[in-house]
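Beneath this line is the structure, given in structure tokens, with notes to follow.
Numbering (my numbering), first residue to last: 274 to 525.
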């Protein structure tokens, strides 16, 4: 019992330390970013991330909630690897679609200050793709009970992004350099998926075949019915908390 209690407290300490490091990393990114970038450049970076965040909130997060809900059941049934690959296929389609829409909208409305349409498309698409895969790996480690990997990989995108952004901006002091560094940090976080996916291996075929019929299906219809309330809530939240960034730029 004492060993179990000690292990529990050790895991709790690891998670708390990870959260503290994440907050410190986000504060450092904000302070250093605002110190290095002039206000107009930082405005463009924030607008670009807001656009990427809109696609992420509307299309990725609701589906990820469904994936997380069935994660361990799918693993027990031996279909987690298959469904994870289906999810990544979906994410790739969303990333390409968001890049094209971002390019078209920015080309017509010039929404993002200091970014060309090509940069908006590339950064939005890569942001959506790498963020989703990084979350799959990091949160997957947590769902599988590996707190150390979860704590480590939760900090990689934040601190890696900060370091890469500083290097990129020092090399070329334009807002796209800072944003590219942030995307690079998310791409580093994708390593978590490559590590964690080794635990996605299915059970023996006989066990998998018996269990598969008892787990939540990963179909368009099922996911859509599960996700639509989250999509509606997320959309309203974005309008309330993020859309003003583009309005102020027009009237400011």
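Ideal Cβ positions, reconstructed from N, Cα and C, are used throughout, including at glycine.
Are the CB atoms of residue j and residue i within a distance shorter than 9 Å?
{"i": "residue 372", "j": "residue 395", "result": "yes"}
{"i": "residue 437", "j": "residue 461", "result": "yes"}
{"i": "residue 367", "j": "residue 321", "result": "no"}
{"i": "residue 415", "j": "residue 295", "result": "no"}
{"i": "residue 412", "j": "residue 430", "result": "no"}
{"i": "residue 529", "j": "residue 386", "result": "Residue 529 falls outside the range modelled here, since the chain spans only 274 to 525, and no answer is possible."}
{"i": "residue 323", "j": "residue 515", "result": "yes"}
{"i": "residue 565", "j": "residue 469", "result": "The structure shown does not extend to residue 565, since the chain spans only 274 to 525, so no value can be given for it."}
{"i": "residue 353", "j": "residue 508", "result": "no"}
{"i": "residue 327", "j": "residue 498", "result": "no"}
Going along the chain, which residues of its own chain have a beta-carbon closer than 6 Å to the beta-carbon of residue i, five neighbours each way excluded?
{"i": "residue 433", "result": "458 and 461"}
{"i": "residue 335", "result": "500, 503 and 504"}
{"i": "residue 471", "result": "none"}
{"i": "residue 293", "result": "none"}
{"i": "residue 400", "result": "325 and 456"}
{"i": "residue 381", "result": "none"}
{"i": "residue 390", "result": "376, 379 and 380"}
{"i": "residue 440", "result": "none"}
{"i": "residue 482", "result": "The predicted model places residue 482 with a pLDDT of 46, which falls under 50 and marks its position as unreliable; any figure quoted below should be read in that light. Correct list: empty, nothing qualifies."}
What residue range is occupied by the uninterrupted alpha helix (DSSP H) comprising residue i?
{"i": "residue 378", "result": "353-382"}
{"i": "residue 435", "result": "420-444"}
{"i": "residue 387", "result": "Run containing residue 387: none; DSSP gives neither H nor E here."}
{"i": "residue 447", "result": "Here residue 447 belongs to no alpha helix (DSSP H), and DSSP marks it neither H nor E."}
{"i": "residue 491", "result": "Where residue 491 is concerned, there is no enclosing alpha helix (DSSP H), given that its DSSP letter is neither H nor E."}
{"i": "residue 327", "result": "312-328"}
{"i": "residue 467", "result": "464-469"}
{"i": "residue 473", "result": "Careful: residue 473 lies outside any alpha helix (DSSP H) and carries neither H nor E."}
Going by beta carbon distance, what residues of the same chain come within less than 8 Å of residue i, once the five residues before and after it are set aside?
{"i": "residue 442", "result": "309, 310, 450, 451 and 454"}
{"i": "residue 356", "result": "340, 343, 347 and 491"}
{"i": "residue 329", "result": "400, 401, 404 and 405"}
{"i": "residue 423", "result": "288, 291, 411, 412, 414 and 415"}
{"i": "residue 359", "result": "491"}
Below 7 Å CB to CB, which residues in the same chain sit around residue i once its five sequence neighbours on both sides are set aside?
{"i": "residue 421", "result": "287"}
{"i": "residue 301", "result": "435"}
{"i": "residue 378", "result": "384"}
{"i": "residue 298", "result": "428, 431, 432 and 435"}
{"i": "residue 419", "result": "none"}
{"i": "residue 463", "result": "403, 406, 407 and 410"}
{"i": "residue 333", "result": "364, 367, 401 and 405"}
{"i": "residue 560", "result": "Any answer about residue 560 is impossible in this case: the structure gives the chain only from 274 up to 525."}
{"i": "residue 529", "result": "Because the chain in this structure spans residues 274 to 525, residue 529 falls outside the shown range and cannot be described."}
{"i": "residue 477", "result": "Confidence at residue 477 is low in this model, with a pLDDT of 47, below 50, so its placement is unreliable and no value can be given for it."}
{"i": "residue 285", "result": "none"}
Is any heavy atom of the ligand NAD found at a distance shorter than 8 Å from the C-beta of residue i?
{"i": "residue 502", "result": "The ligand NAD is absent from the structure shown, which contains no ligands of any kind."}
Mind the definition here: the stretch 312-326 touches the stretch 446-455 only if three or more C-beta pairs lie below 8 Å; say whether that holds. Contact between the stretch 312-326 and the stretch 446-455 is present, because at least three Cβ pairs lie under 8 Å.
Would you check if the stretch 343-356 and the stretch 487-498 touch, i.e. whether three or more CB-CB distances between them fall below 8 Å? Between the stretch 487-498 and the stretch 343-356, the count of Cβ pairs shorter than 8 Å is three or higher; the stretches touch.
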